[in-house]
Amino acid sequence: MEPKSMLEIGEGLKEPFSPFEVCTLDDYHIIVVRFEGSYRRHRHNRDEFFYVLKGTLEIEMELEGGPEKRVLKEGQCAVVRKGVVHRTSSPDGAIIALAEHRAISYEFL
316 MEPKSMLEIG EGLKEPFSPF EVCTLDDYHI IVVRFEGSYR RHRHNRDEFF YVLKGTLEIE
376 MELEGGPEKR VLKEGQCAVV RKGVVHRTSS PDGAIIALAE HRAISYEFL
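In this text, residue positions in the sequence shown follow my numbering: the first is 316, and each later residue adds one.
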């Protein structure tokens with residue numbers, strides 16, 4: 316694979332929440348997504364990895380101990396474990412790299 320800039324790929328995306336697959340790594344998709352506003356509340360059957368390339372990403376999670384909100388800035392990352400109900404948002408927009416298993420499914424709530 317030739318070197319690629321995930322930030323440049325993300326900056327070229329026009330539609331928010333429309334993932335672009337950069338590559339696959341074994342059973343994982345490495346994707347770039349432009350976030351604008353809020354995404355629907357949902358959960359997955361697999362873990363999900365977020366890395367902020369540009370902007371700020373908020374992740375609201377419903378954990379056993381109660382709700383938790385994480386704010387990720389450029390260069391920061393987090394994992395949302397499978398089964399955790401969550402909602403992501405970026406009021407000012409963000410470009411995010413994600414690693415997701417190819418068999419991931421979304422359950423919207």
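Where is the CB? At the ideal position from N, CA and C, for every residue including glycine. All values derive from a computational prediction rather than experimental measurement.
So, helix, strand or coil for residue i, using DSSP?
i      : result
GLY325 : helix
GLU289 : This structure gives no information on residue 289, because the portion of the chain shown stretches from 316 to 424.
SER404 : strand
ILE415 : Here the sequence assigns Glu to residue 415, which means Ile is not the residue at that position. In this structure, GLU415 counts as strand in the three-state DSSP scheme.
Could you say which of the options lies nearest to residue i if we only look at CA atoms?
i      : options                           : result
HIS416 : LYS384, LEU387, PHE332 and GLU336 : GLU336
ILE346 : SER353, GLU323, GLY352 and SER404 : GLU323
PRO331 : LEU424, GLU422, TYR421 and ASP407 : ASP407
ALA409 : LEU328, GLU363 and GLU375         : LEU328
VAL348 : PRO318, THR371, GLY381 and GLU383 : THR371
GLY381 : HIS401, LYS397, LEU368 and LEU387 : HIS401
GLU375 : ASP342, LYS319, ASP341 and SER353 : SER353
LYS369 : GLY325, LEU424 and GLU379         : GLY325
Quick one: Cα of residue i to Cα of residue j, how far?
i      : j      : result
GLU351 : GLU373 : 11 Å
LYS418 : ARG361 : Here residue 418 is Ala; the residue named in the question, Lys, does not match the sequence. So the two alpha carbons sit approximately 8 Å from each other.
PHE365 : ALA414 : 7 Å
VAL399 : ALA412 : 19 Å
SER420 : CYS338 : 19 Å
GLN425 : THR403 : Nothing about residue 425 can be reported from this structure: the residues present for the chain run from 316 to 424 only.
LYS319 : ALA393 : 22 Å
ARG385 : ARG355 : 16 Å
GLY383 : SER333 : Sequence inspection shows Glu at residue 383; the Gly mentioned does not correspond to that position. Whole-angstrom Cα-Cα distance: 26 Å.
SER405 : GLU363 : 17 Å
VAL395 : GLU377 : 11 Å
Answer yes or no: the CB of residue i versus the heavy atoms of the ligand ATP, is any distance below 6 Å?
i      : result
PHE335 : Ligands in the displayed structure: none, and consequently the ligand ATP is not present.
Give me the Cβ distance between residue i and residue j, rounded to the nearest whole Å; I'm assuming they're in contact under 8 Å.
i      : j      : result
GLU422 : HIS357 : 6 Å
LYS388 : VAL367 : 6 Å
Just to confirm the assignment: which complete beta strand (DSSP E) runs, minimum length 3, are found wholly within the segment 330 to 395? 335 to 340, 343 to 353, 357 to 359, 363 to 370, 372 to 378, 381 to 387 and 392 to 395
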